[in-house]
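Respectively, the protein sequence lines represent chains R and A. Position in the first sequence counted from 1, then plus 3, gives you the numbering used here. Reminder that position 48 of the second sequence reads as 41 in the numbering used here, one-by-one numbering, no gaps. The beta carbon of each residue, even a glycine, is placed where N, CA and C say it ideally should be. The next block holds one structure in the form of structure tokens; read it before the comments.
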Amino acid sequence: MFNFAEEDREFEIGLIDGIAVRFEDLDKNQQQSMIDTIKMYKSMDLFGRFVAEKFRDLFKETQERLLYIAERNEEFAVGLARGISFQYYISEFYNTPVKDDVLRKRISELCLEPIIQERILKLAERNSRVFARLSGWITFCFLYNQKQQIQELILNLAEKNKVVRNLAAEIGLSLNLIKNVKVIEKIWQLAERNRAFAAELGYAAGRRLDDYKKFKSRILKLAKKSRDFAMGLGFGCIASRNAKMAIIKNHKNDIWTIANTNNEFAYGLGIGIAENFELLSNSEKEDLFAIISRDNPFSKGIFHGFGCYFSSLNISDANKILQLAFENKDFAKSLGRGFGARFPQSPKGADIREQIWTIANTNNEFAYGLGEGLGSISVSSLQYIDYEDIRYDTWSKALDNDYVVKGLANSLGQNFQFLGESFVNEIFLAVQKSPLFAHIFGCSIKDVFQSLDEDSKETLIGLANKNASFRKSLSDSRIDNRQR
Amino acid sequence: MINYLVNNFSQILTKDQIRWFAFFLGENIHFLEFQSSYPFFPNPIADLIEKDKSFAMEIATAIANNLSSLNPEISEKLLAAAEKSTAFAIGFFSESEDFSTLTDENMIRQILQFVKKPLELGSNYRQKIGYSFGKIFDSIKNNSI
């Protein structure tokens, strides 16, 4: 049966899913026997994932056995982590109004035994993929366990990891739940050091800004230090308000006070306004066009947002926006950046992609911005295109346009520490294919090289040894010292 | 009675009743008199399986849930029927609740061989069959399959 499953992925998924469904009805001994049988086959990662979807309901002995295997089998650990998190996506707490005692009961049901919890956290500590897949459970532990030691351990892990969006978002929405002042301070400190965490924390905190009066001065302080946090904050605070035009018209309210002193915040605010542009009346749109005709960070943010949400615009607005963008280099760049950051990913987006490339080939600023957006850490940027053929096609078209190459290579260099391993291989292929890409990427990497982890540094040095253009751009005392 | 229904259902049953007849017939297929001249099902039923996809799926699903009551010879013929009708195959292998009555090792082998064939049976078909086998895995894991 398993030999057949190994040849046929669809059958394998069904088989393991069926085994996992039956698994919960077995007694302790039968469960152990089943684990030992399946242990011999390659499908352990799937088994870990499916069986762990009810992890907290399993016998303690079974939980321990599964963790024992996970401690010795990386793929199984990743599958197990994904399954464990399945029960802990805690949006139910935000979306369902529950009385405190109901919430407390639910939380106590969800908590695992301390010794089991400790072993899972150790798995996450040893493997970043496990940490990424555990995000639901880790977020739950952080917010509802409230033990300072565990919260600090999780924040330390988050500092070293790239996949922290879920954790940052839930923390940002739940700051009022966190009792320990020291832990709160560590959250702000982490945001200063981890850009992906900062962006998502800012967005979530922005959505709750009205409830966070006690954190306001710290939030504003962080917004001055972290561009990503500030931009997310601006975007988030508009997402939480229904009467967006009231904000636009009333230039004296506190949102505008922040926007007038913080360019990144103003930029994020612009993105947020653009997201809901089509909800505005015609006269409100005209008011907004009057505001954005002036060149400032808010206007640039709006154009970035128009690029992100271009498909939601009606034809007349879309044409007007394109015309405005072509009259102003900064607006064109911002529009391109938005298109790249939220690049149409599915096969259905073929027409829009074609239009984007047509514009990029006629407008250099747009092309540069498009490259920047494609290389950003947005969830819809180049590295997150799931369809391989579309991703490769995007790479190919990007490398054909020097301005896209410049924006892309620069952006990827700045964001290198947040890129996945397989995507890094694609970047290295681009370095080999395009000397211009290699040069700009090398210059960009040089700026962030010292802040990278040791593994990334070693990988980049390996690349420098293979590629002359990249080596030339990167060559300075830091690399030479390391090689010596 | 069942043989009478098989030969006369088109005169005595409404369209809605035919759907229930498929279920009834599938559940009671072991009472059907099989003759060597038939490919497997009596001609009126074989014709309806070919023409009416929902009938084919319904009868196949009901049969699959009662596999243990069939002798191996009939089981083999069922697989032949599944090869001829996609709707029957989908009903037989993937729409059934599970294969909880399936213990015959030879039959399991035949089904696995069938799944390997490049048939156009729609998405998730193999996954559903795998799922059905997964649910009985603890009862068959000690045999050679």
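Worksheet entry | Residue environment, residue 186/R, which counts as buried when at least 16 other CB atoms sit within 10 Å | buried
Worksheet entry | First and last residue of the uninterrupted alpha helix (DSSP H) at residue 468/R | 457 to 469
Worksheet entry | Beta-carbon spacing of residue 241/R, residue 276/R below 7 Å | yes
Worksheet item: Cβ atoms of residue 64/R and residue 31/R: under 7 Å apart, would you say?
Response: yes
Discussion item. In chain order, what are the residue ranges of uninterrupted alpha helix (DSSP H) at least 4 long that sit wholly in the region 368 to 445 of chain R?
Written reply: 391 to 402, 405 to 417 and 424 to 436
Item to complete: Note down, in chain order, each residue of its chain lying with its Cβ closer than 7 Å to the Cβ of residue 383/R, except the 5 sequence neighbours on either side.
Response: 344, 345, 346 and 348
Worksheet item: Is residue 337/R closer than 7 Å to residue 313/R when the C-beta atoms are compared?
Response: no
Fill in: residue 11/A at chain R interface by Cβ criterion, 7 Å
no
Worksheet item: Got a sec? Which residues, its chain only, sit under 6 Å from residue 5/A by beta carbon, not counting five neighbours each side?
Response: none
Worksheet item: Hey, how far is the Cα of residue 13/A from the Cα of residue 25/A?
Response: 17 Å
Discussion item. So for residue 345/R, helix, strand or coil by DSSP?
Written reply: strand
Item to complete: Assess, as a yes-or-no matter, whether the region 279 to 295 of chain R is touched by the region 225 to 239 of chain R under the definition of 3 or more beta carbon pairs within less than 8 Å.
Response: no
Worksheet item: So which residues on chain R does residue 122/A lean against when the C-beta distance must stay under 7 Å?
Response: 14 and 17
Discussion item. Quick check on residue 127/A - is its C-beta less than 7 Å from some C-beta in chain R?
Written reply: yes
Practice prompt. Mind listing the chain R neighbours of residue 105/A? Cutoff is C-beta to C-beta under 8 Å, in chain order.
Written response: 4 and 7
Worksheet entry | Proximal residues of chain A, C-beta to C-beta of residue 33/R below 7 Å | 131
Practice prompt. Figure out for me which residue from 287/R, 229/R and 293/R has the closest Cα to the Cα of residue 267/R.
Written response: 229/R
Discussion item. Quick check: the Cα distance between residue 37/R and residue 51/R, rounded to an integer number of angstroms?
Written reply: 12 Å
Fill in: Rounded C-alpha distance that separates residue 91/R from residue 260/R
38 Å
Item to complete: Below 8 Å CB to CB, which residues in the same chain sit around residue 4/R once its five sequence neighbours on both sides are set aside?
Response: 18
Worksheet item: Going along the chain, which residues of its own chain have a beta-carbon closer than 7 Å to the beta-carbon of residue 333/R, five neighbours each way excluded?
Response: 298 and 303
Item to complete: Have a look at residue 79/A and residue 102/A and give me their C-alpha separation to the nearest angstrom.
Response: 20 Å
Worksheet item: Helix, strand or coil: how does DSSP classify residue 357/R here?
Response: helix
Worksheet item: So which of 41/A, 8/A and 60/A has the shortest CA-CA distance to residue 86/A?
Response: 60/A
Practice prompt. Measure the alpha-carbon distance for residue 417/R versus residue 199/R and round it to whole angstroms.
Written response: 12 Å
Discussion item. Run through chain A and tell me which residues come within less than 9 Å of residue 29/R, C-beta to C-beta.
Written reply: 131
Worksheet item: Counting contacts by CB-CB distance shorter than 7 Å, is residue 11/R in contact with chain A?
Response: yes
Practice prompt. Measure the alpha-carbon distance for residue 327/R versus residue 359/R and round it to whole angstroms.
Written response: 16 Å
Discussion item. Taking the straight line between their C-alpha atoms, what separation do you get for residue 354/R and residue 361/R?
Written reply: 11 Å
Worksheet item: Is the CB of residue 25/R under 7 Å away from at least one CB in chain A?
Response: yes
Worksheet entry | Segment contact, 8 Å Cβ cut-off, at least three pairs: the region 116 to 128 of chain R with the region 69 to 82 of chain R | yes
Discussion item. Nearest by alpha-carbon distance to residue 498/R: which of 445/R, 293/R, 450/R and 457/R is it?
Written reply: This structure gives no information on residue 498/R, because the portion of chain R shown stretches from 4 to 487.
Practice prompt. Decide if residue 192/R is buried, meaning its Cβ has at least 16 other Cβ atoms within 10 Å, or exposed.
Written response: exposed
Worksheet item: residue -3/A to residue 132/A, Cα distance in whole Å?
Response: 39 Å
Worksheet entry | Backbone CA spacing between residue 373/R and residue 117/R [nearest angstrom] | 48 Å
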